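S.K.: The structure that follows is given in the form of structure tokens.
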Amino acid sequence: MDVVINGEHRQVKSGTLLELLAELELDPRAVVVEHNRKIVRRVGLGDATVSEGDAIELVHFVGGG
Amino acid sequence: MTTAVETIRDEPLTIGGQTFQSRLMVGTGKYPDMETMVRAIEASGADVVTVAVRRVNLDRSKESSVLHFLDPKKIFLLANTAGCYNAADAIRYARLAREAGFNDFVKLEVIGDEETLLPDVAGLLEAAKVLVQEGFKVLAYTNEDLITALRLEDAGCAAVMPLASPIGSGLGLLNPFSVRTIKRRLRVPVVVDAGVGTASDACVTMEQGVDGILMNTAIAAAQDPVAMATAMRLATIAGRQAFLAGRMPKREVAMPSSPTKGMLD
């Protein structure tokens, strides 16, 4: 199904946010997830289901001043 | 035989209940490579290190998290809201940063203008109030305006961070009077953030009596960032010690240092 991850359309398998991170080969401890503008805590990633058209932001810390 | 360097005993810097040994805080942006960044941070002696919140690069070939190179057990990660141009965005970034799970501190930036990167103080105050309500320890990046600084303190900010000069400009401390005034009038710590270009700028800034200084480009964009980080560490200490020592009064005429009596005929 089609979702928007970090501003770009992407085809992903249906499932939870935790499964999505695994599909993207991302360590859940190393990213913060925003699902349709709501932050999802790490403990809740396995309970949140991804639906067609969802907007997902995956962020982390980078160098900055 | 060793010689002890005598320095004036100083209180450690405490912000939002957290105590820091160094009065120098450094950023992690714009380094030529990560190894240089790590060595420069170590040379700076800083225990507070700023980071930015950005999207993960999904193809992951180009960049990775700064946390692959920094140990959050050894340094205090201070997330910023750099790049945010309104209160709502800054609040969103701050919440995301806190969710990373390290601490509830945020270096709050709400930028008002792309050319100068000067703060939007209305948006800054608005965001500060919301974030303080949500339990954040807000360190507010602001201009060197006393009234805004007072309002930020009233809003509950843990520290106020007036600029020395625009971000990345390297122009040094342009308005020492205003920064001194802010320091004199605020109860919360005042940490000068942005604009320092070289070690003398850091020293002059600390001589104003402010509690700390934060810089990024001055170190990262130096020809030798590690050497500049060492210089900044020493300059920060030198400026602080000079402030604590209390400088001599300025005078417009000379006064001889050597005796005027005992001269030969």
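As you go down the protein sequences, you meet chains A and B in turn. Here this note's numbering is used: position 33 in the first sequence is 33, and no number is missing along the way. Here this note's numbering is used: position 239 in the second sequence is 239, and no number is missing along the way. Virtual Cβ for every residue (Gly too), placed ideally from N, Cα, C. None of the values given here were measured: they were computed from a predicted structure.
(1) Return helix, strand or coil for B:Y141, following the three-state DSSP convention.
(2) Say whether the segment 207 to 220 of chain B touches the segment 159 to 176 of chain B, bearing in mind that this needs 3 or more beta-carbon pairs closer than 8 Å, one atom from each stretch.
(3) If we ignore side chains and look at the alpha-carbon of each, how far apart do A:L18 and B:L125 end up?
(4) In chain A, which residues lie with their C-beta within 9 Å of the C-beta of B:Y31?
(5) Note the first and the last residue of the continuous beta strand (DSSP E) segment covering A:E57.
(6) Can you list the residues of chain B that A:I5 reaches, using a CB-CB cut of under 8 Å?
(7) When DSSP labels each residue in this structure, what does B:F105 get in the three-state scheme?
(8) What would DSSP say about B:Q133, mapped onto helix, strand or coil?
(9) Taking 8 Å as the limit between beta carbons, can you name the residues of its chain near B:M1, skipping five residues before and five after?
(10) Please give me, in chain order, every unbroken run of the beta strand (DSSP E) with length at least 3 that falls completely inside the segment 212 to 245 of chain B.
(11) For B:M266, would you say it is in contact with chain A, using Cβ-to-Cβ distances shorter than 8 Å as the test?
(12) With 8 Å as the C-beta to C-beta threshold (strictly closer), list the residues of the segment 76 to 88 of chain B near chain A in chain order.
(13) Contact check, B:V210 vs B:V188 under 8 Å by CB: the rounded distance?
(14) Relative to chain A, which residues along the segment 215 to 232 of chain B have a C-beta separation below 9 Å, given in chain order?
(15) Can you list, in chain order, the residues of its chain with a C-beta nearer than 8 Å to that of B:I41? Leave out the 5 residues immediately preceding and following it.
(16) May I ask you to list, following chain order, the residues of the segment 7 to 20 of chain A that have a beta carbon less than 9 Å from some beta carbon of chain B?
(17) If you draw a straight line from the alpha carbon of B:V132 to that of A:S14, how long is it in whole angstroms?
(18) Please return the same chain residues whose Cβ sits closer than 6 Å to the Cβ of B:E207, not counting the five positions on each side in sequence.
(19) Say whether chain A places a C-beta atom closer than 8 Å to the C-beta of B:R95.
(20) Let me know the secondary structure DSSP gives B:V121 once reduced to three states.
(21) So, is the C-beta of A:I39 closer than 8 Å to a C-beta in chain B?
(22) Decide if the segment 137 to 151 of chain B is in contact with the segment 115 to 123 of chain B; the criterion is three or more beta carbon pairs, one per stretch, under 8 Å apart.
(23) Can you grab the Cα-Cα spacing for the pair B:G195 / A:L45, in whole Å?
M.R.: The relevant details are as follows:
(1) In this structure, B:Y141 counts as strand in the three-state DSSP scheme.
(2) Judged by Cβ distances under 8 Å, the segment 207 to 220 of chain B makes contact with the segment 159 to 176 of chain B, as three or more pairs qualify.
(3) Whole-angstrom Cα-Cα distance: 36 Å.
(4) Here the neighbours are G63.
(5) Per DSSP, the unbroken beta strand (DSSP E) holding A:E57 starts and ends at A55 to G63.
(6) Contact note: A:I5 reaches chain B through L58, using a C-beta cutoff of 8 Å and chain order.
(7) Residue state, collapsed to three classes: strand.
(8) Three-state DSSP puts B:Q133 in a helix.
(9) Confidence at B:M1 is low in this model, with a pLDDT of 48, below 50, so the placement of that residue is unreliable and no value is reported for it.
(10) Here the runs fully enclosed are 212 to 215.
(11) Outside the modelled stretch of chain B, which goes from 1 to 265, sits residue 266 of chain B, for which no answer is possible.
(12) Within the segment 76 to 88 of chain B, the qualifying residues are L77, A79, N80 and A82.
(13) Actually they do not touch by this definition, with Cβ atoms about 12 Å apart.
(14) Listed by position, the residues of the segment 215 to 232 of chain B near chain A (Cβ gap below 9 Å) are M215, N216, T217 and A220.
(15) Cβ contact annotation for B:I41 (same chain, cutoff 8 Å, sequence separation greater than five): V26, T28, V49, L70, I75 and A229, in chain order.
(16) Taking 9 Å as the Cβ-Cβ cut-off against chain B, the residues of the segment 7 to 20 of chain A that qualify are G7, E8 and R10.
(17) Whole-angstrom Cα-Cα distance: 38 Å.
(18) Same-chain partners within the cutoff: G239, A242 and F243.
(19) Closer than 8 Å: yes.
(20) Shown here, B:V121 sits in a helix according to DSSP, grouped into three states.
(21) For A:I39, the answer is yes, since a Cβ of chain B falls inside 8 Å of its Cβ.
(22) When C-beta atoms of the segment 137 to 151 of chain B are compared with those of the segment 115 to 123 of chain B, three or more pairs fall below 8 Å, so the two segments count as touching.
(23) Answer to the nearest angstrom: the Cα atoms are 41 Å apart.
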